[in-house]
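Asker: Be aware that the sequence shown starts at 30, since it is given in our numbering, and climbs by one per residue.
Positions of the beta carbon are idealized from the N, C-alpha and C atoms, including for glycine.
Here the structure is a predicted model, which means the values were calculated and not measured.
Here you go, one structure.
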Amino acid sequence: MPEPNALLRILIVEDNPADLFVLEGLLWKTRLPIGQIKKAKSNEEADLLLNNEQPNLILLDLSLPDSAGIESFKHINHIAPAIPIIVLTGLADMDMALETMAAGAQDYLVKGEFDEKLLSKSIQYSIERKRNLENIRISNERYRSLFYYNPMAIFIWDLASYEILEVNDMAEKEYGYTREEFVKLTLWDLRTPENYSKLKLFIEHIAASEDLDSGGIWEHITKNGERIFMNVFSHRIQFNEKNAVMAIAQNITGKLLLEKKLEEERLIKQKEIAEAVINTQEQERHDISRELHDNVNQQLTVAMMYIASAEKKHAPGSDLLRQSADFILHAIEEIRRLSKGLVTPLIKDFGLVKAIESVLEDVNGVNTMKIEFVSDTFFEEDIHYDFKLSLFRIVQEQVNNVLKHAGASELKIDLGRNINSIYLSIYDNGVGFDLAIQKKGIGLYNITSRVELFNGTISIHTAPTSGCAMHMSFPITQAIMRH
């Protein structure tokens with residue numbers, strides 16, 4: 030552990046150059062006294078570095094070329110048990126984070142969801158927490174002084190009765206109870222009722238397990254009823270001749286709120302981008318449709334007039350002229366069809382259901398596929414136009430996908446509404462597709478973007494030769510309802 034005011038030596042174990050670049054940049058942005066940053070791309074490289082020198086902190090990616098998941102942490106922790114480790118993960122996976130923290134990691138950070146302030150706080154907490162844990166294990170005498178003046182809340186509880194036996198000053202500050210009030214409480218008094226079953230399992234585990242250490246994030250209740258989130262590391266000890274558990278609790282409520290705020294800001298920005306893309310697409314559709322109608326169609330119409338005039342004069346090659354006229358007529362009809370598909374449908378005048386029925390009627394005119402459209406439970410008088418347009422474009426996109434790629438003989442669309450949500454399901458019995466491959470396609474991206482724009486959820490069940498079932502659900506919110 031570094032001495033006060035000493036320069037920090039940090040080891041980053043990360044194989045992704047982009048993530049490494051971002052992390053190193055954030056480290057230098059903190060106000061921490063960093064003296065040295067070493068980098069390793071694998072457990073093997075980390076082993077070599079740790080054999081030659083001891084850093085003050087390790088930032089560890091869980092996904093490495095020669096190891097993955099909790100095994101990455103266990104390997105590094107085995108080599109350097111005295112060094113605090115902060116786990117980095119690219120997945121917002123609380124279970125994995127809790128598993129590594131239960132195994133001894135000091136903290137976890139989700140890539141892309143923290144800034145230099147959160148990183149600085151995590152590093153300081155991690156180093157301080159590791160220092161305290163190491164000091165506690167060194168000697169009982171040093172433990173006594175550290176216990177009462179520790180910057181993190183510590184309380185000791187009886188493994189048999191669950192009564193709280195002792196607390197430190199920070200516990201009094203965090204929870205609002207005096208020491209005299211604390212010792213009249215049990216472990217259950219600090220927990221929310223919805224966590225009782227989880228607490229019961231935890232007590233059974235720590236009482237029976239040979240592994241005397243256990244960690245996790247818990248929701249606690251203070252004296253005034255406030256709910257706080259505590260990162261608790263529990264260690265079995267003997268206290269006044271009783272089998273007891275010492276719990277060291279770090280208040281991470283602020284950290285979780287900051288993470289939530291960052292996530293909300295990310296979603297807002299993502300929605301703004303999606304909305305801008307969708308608006309641009311609608312404008313481009315309108316411009317292309319107008320160009321086809323006002324320019325190309327007019328030129329073709331003039332060409333038809335010239336051909337008709339030539340036919341009346343019995344010009345040589347009139348058969349060829351007639352064939353040319355047929356081709357031009359076909360082109361005009363095709364352009365009208367394309368223009369109709371590109372231009373914003375008259376939802377404002379005729380409604381969403383009529384607009385969808387119009388699309389399906391066009392499909393019936395050129396395809397023998399059996400189509401069923403159910404909208405009995407859907408009513409749209411109080412729904413915002415932008416949302417109805419997004420639903421229309423989703424149907425239009427998926428119907429086009431089915432026509433182009435599915436080879437389906439049946440298509441069913443179910444549009445409905447209940448008290449809390451609006452739902453849209455589209456099913457076909459075509460060839461299906463590999464979702465892992467097609468998920469990156471522009472068609473599914475357009476559909477997903479429109480769903481996320483209105484806080485909806487989407488599930489897709491498909492596989493090669495198994496058709497496709499797409500279900501979307503939207504909570505009825507202010508964004509959906511007509512203002």
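What residue ranges within the segment 97-153 form continuous alpha helix (DSSP H) runs of no fewer than 4 residues, ordered along the chain?
Answerer: Taking only runs of at least 4 residues, the alpha helix (DSSP H) segments lying wholly in the segment 97-153 are 99-108 and 123-131.
Asker: Give the single residue among I451, Q279, G205 and F379 whose Cα lies nearest to the Cα of F262.
Answerer: Ranking I451, Q279, G205 and F379 by Cα distance to F262 puts Q279 first.
Asker: Would you list the residues sitting across from K289 in a DSSP beta bridge?
Answerer: DSSP output for K289 lists no bridge partner at all.
Asker: What is the rounded straight-line gap between the Cα of G380 and the Cα of L464?
Answerer: Each residue's Cα considered, the two are about 32 Å apart.
Asker: Alpha carbon to alpha carbon, how far is I114 from I39?
Answerer: Near 10 Å, if we compare the C-alpha coordinates of I39 and I114.
Asker: To the nearest angstrom, report how far apart S149 and K213 are at their CA atoms.
Answerer: One C-alpha to the other measures close to 37 Å.
Asker: So, helix, strand or coil for E439, using DSSP?
Answerer: Reduced to three states, the DSSP call for E439 is strand.
Asker: Would you report the Cα separation of R265 and W217, rounded to the nearest angstrom?
Answerer: Straight-line Cα distance between these residues: approximately 18 Å.
Asker: Check for me: the alpha helix (DSSP H) holding S454 runs from which residue to which?
Answerer: S454 -> not in any alpha helix (DSSP H); beta strand (DSSP E) instead, spanning S450 to D457.
Asker: Work out the CA separation of Y204 and F184 for me, nearest whole Å.
Answerer: Answer to the nearest angstrom: the Cα atoms are 11 Å apart.
Asker: Check each candidate in L286, F462, I232 and G64 and name the one with the smallest Cα separation from T494.
Answerer: If we check each option's Cα against that of T494, F462 comes out closest.
Asker: Let me know the secondary structure DSSP gives I412 once reduced to three states.
Answerer: In this structure, I412 counts as strand in the three-state DSSP scheme.
Asker: At the level of alpha carbons, what is the spacing between K433 and F421?
Answerer: For K433 and F421, the distance between alpha carbons rounds to 18 Å.
Asker: Okay, do the segment 267-278 and the segment 176-190 touch, 3+ Cβ pairs below 8 Å being the bar?
Answerer: Taking 8 Å as the limit for Cβ pairs, the verdict is that the segment 176-190 does touch the segment 267-278.
Asker: Does DSSP put P180 in a helix, in a strand, or in coil?
Answerer: If DSSP states are grouped into helix, strand and coil, P180 belongs with coil.
Asker: Which value, in whole angstroms, describes the spacing of the CA atoms of S226 and E294?
Answerer: Cα-Cα distance, rounded: 34 Å.
Asker: Which residue comes first and which comes last in the alpha helix (DSSP H) that contains E432?
Answerer: Inspection of the sequence shows that residue 432 is occupied by Leu rather than by Glu. It is not in any alpha helix (DSSP H) - L432 carries neither H nor E in the DSSP assignment.
Asker: On the DSSP bridge assignment, give the partners of D187 in chain order.
Answerer: Partner(s): A273.
Asker: Here's a check: name, in chain order, each residue in its chain whose Cβ is nearer than 8 Å to the Cβ of N484, leaving out the five neighbours to either side.
Answerer: Cβ within range, chain order: F503, P504, T506 and A508.
Asker: So what does DSSP say about S71, is it helix, strand or coil?
Answerer: Correct three-state label for S71: coil.
Asker: Starting from the Cα of L52, find the closest Cα among S450, Q425, K140 and I412 and give me that residue.
Answerer: Answer by Cα proximity: K140.
Asker: Quick one, are the C-beta atoms of F407 and I385 less than 8 Å apart?
Answerer: Contact: no.
Asker: Quick check for students: name the residue ranges of the alpha helix (DSSP H) that lie wholly in the segment 187-249, counting only runs of 4 or more.
Answerer: With a minimum length of 4 residues, the continuous alpha helix (DSSP H) runs that stay inside the segment 187-249 are 198-204, 208-211 and 225-237.
Asker: Tell me whether I112 is buried or exposed, calling it buried when 16 or more other Cβ atoms sit within 10 Å of its Cβ.
Answerer: With 16 or more Cβ atoms within 10 Å of its Cβ, I112 is classed as buried.
Asker: Under DSSP, the beta strand (DSSP E) around D90 begins and ends at which residues?
Answerer: Unbroken beta strand (DSSP E) run through D90: L86 to D90.
Asker: Of the choices E439, I412, S454 and S190, whose alpha-carbon is the least far from that of V424?
Answerer: Comparing Cα-Cα distances from V424 to each of E439, I412, S454 and S190, the minimum goes to S454.
Asker: Can you tell me the Cα-Cα spacing of N72 and E288, whole angstroms?
Answerer: Answer to the nearest angstrom: the Cα atoms are 29 Å apart.
Asker: Just to confirm, are G25 and G436 a CB contact at a threshold of 8 Å?
Answerer: What the structure shows of the chain is the stretch from 30 to 512, and residue 25 is not part of that stretch, so it cannot be assessed.
Asker: Count the other CB atoms, across all protein chains shown, that sit within 10 Å of the CB of K417; report buried if there are 16 or more and exposed otherwise.
Answerer: Buried, because 16 or more other Cβ atoms sit within 10 Å of the Cβ of K417.
Asker: Could you check the C-alpha separation between I165 and M181 for me, to the nearest Å?
Answerer: Looking at the two C-alpha atoms, the distance is approximately 13 Å.
Asker: For G119, collect the residues of the same chain with a Cβ closer than 6 Å to its Cβ; drop the 5 residues on either side in sequence, then sort them by chain order.
Answerer: So the list reads K140, once near-sequence residues are dropped.
Asker: Closer than 8 Å by C-beta to I466: which residues in its own chain qualify, once you throw out the five before and the five after it? Chain order, please.
Answerer: Hits under 8 Å: none found.
Asker: For L291 and L147, I'd like the C-alpha separation in whole angstroms.
Answerer: One C-alpha to the other measures close to 11 Å.
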